[in-house]
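Numbering (our numbering), first residue to last: 15 to 311. All C-beta atoms in this analysis are idealised placements derived from N, C-alpha and C, irrespective of residue type, glycine included. Everything numeric in this text was worked out from a predicted model, so none of it was measured. In what follows, a single structure is set out as structure tokens and then discussed.
Next comes the structure, spelled out in structure tokens:
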């Protein structure tokens, strides 16, 4: 059994750790509220724009002239992976990276073997992972996008992604991020960024049919293709980053809460162990005193 000094040092260490994790939980809770409000306000707008895009891209006779819908002849694919810049948020980053690799293998298995699947990491954790393992990575630093994201900040990277598709660099572009559900649940999600799907997914198709959408386009569809679709794609990327930021703070808040509880429980165990050891030491001292007194008689 450890001596009293070692146990005291352990109690002090665990108590200090508990204070740190509790402080981090409080900081994440404050940031989480702001991030949650941001994604809650943006999501309805982004969903409505996506509905208009789905209707527009699935219109007959329009897809052949739409540069955002028609396939190009490139043999490369791009995957945008959105993680956090910091750790201490449980399995938030590791689960997403595993999901990104699984998605790349499922959708672009042949290209992945040929090292023709490029990754654009948004967030330091994704950047470190893909660089360390020598995956093809789009050069540039995009870690700042997670810090107070806004429309102006994501404009350069969104334009870079869109241009790389329009000029034929990549044939497919996917965005992978953690979709925010609540503080305890984050859902790894893959969305096809470009080309815009010609066929509406079953989920959206059912919603559109049930709600009987019938958009009147003013001005013409050609003008909307030129102006609205790029804006919608930028909003889609911004929504993904907002989702990731809210999910990150929720995951860190949950992880730090569990860490604080575990540290408190461990401190209780050490205090009990300390009291037992102290009582044993006192008993031994009493026995030694009694034994000495008996020896003097």
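Endpoints, alpha helix (DSSP H) assigned at residue i
i: residue 142; result: 138 to 146
i: residue 105; result: Here residue 105 belongs to no alpha helix (DSSP H), and DSSP marks it neither H nor E.
Residues sharing a beta bridge with residue i, DSSP
i: residue 91; result: 131, 186
i: residue 193; result: 201
i: residue 96; result: 136
Member of the options whose CA lies at the smallest distance from the CA of residue i
i: residue 102; options: 118, 277, 266; result: 266
i: residue 40; options: 263, 67, 307; result: 263
i: residue 19; options: 300, 307, 287, 302; result: 287
i: residue 14; options: 67, 52, 158; result: With the chain represented from 15 up to 311, any question about residue 14 goes unanswered, as that position is not in the structure.
i: residue 95; options: 25, 45, 156, 26; result: 156
i: residue 114; options: 269, 260, 201; result: 201
i: residue 204; options: 274, 234, 251; result: 251
i: residue 82; options: 177, 268, 298; result: 177
i: residue 179; options: 166, 132, 137; result: 132
i: residue 160; options: 49, 294, 24, 121; result: 49
i: residue 107; options: 122, 47, 190; result: 190
i: residue 60; options: 127, 174, 305, 257; result: 257
i: residue 63; options: 290, 271, 310, 238; result: 238
i: residue 249; options: 53, 129, 130; result: 53
i: residue 87; options: 181, 42, 260; result: 181
i: residue 42; options: 109, 197, 299, 209; result: 197
i: residue 231; options: 130, 84, 69; result: 69
Limits of the unbroken beta strand (DSSP E) element including residue i
i: residue 171; result: No beta strand (DSSP E) contains residue 171, which is instead part of the alpha helix (DSSP H) from 165 to 180.
Local conformation of residue i per DSSP, three classes
i: residue 150; result: coil
i: residue 256; result: helix
i: residue 231; result: coil
i: residue 218; result: Bear in mind that a pLDDT of 48 at residue 218, under 50, signals an unreliable position, so the number given afterwards is only what the model happens to contain. It is helical.
i: residue 206; result: strand
i: residue 86; result: coil
i: residue 122; result: coil
i: residue 275; result: helix
i: residue 58; result: helix
i: residue 289; result: helix
i: residue 19; result: helix
i: residue 156; result: coil
i: residue 80; result: coil
i: residue 162; result: coil
i: residue 28; result: helix
i: residue 240; result: helix
i: residue 282; result: helix
i: residue 39; result: helix
i: residue 311; result: coil
i: residue 299; result: helix
- Between the segment 235 to 245 and the segment 146 to 158, do three or more beta carbon pairs fall short of 8 Å? Not touching, per the Cβ criterion.
- Message: Within 8 Å, do at least three Cβ pairs link the segment 185 to 196 to the segment 86 to 93?
- Response: Yes, the segment 86 to 93 touches the segment 185 to 196.
- Query: Does the segment 277 to 291 come close enough to the segment 26 to 46 to have 3 or more Cβ pairs within less than 8 Å?
  - Reply: Yes, they touch.
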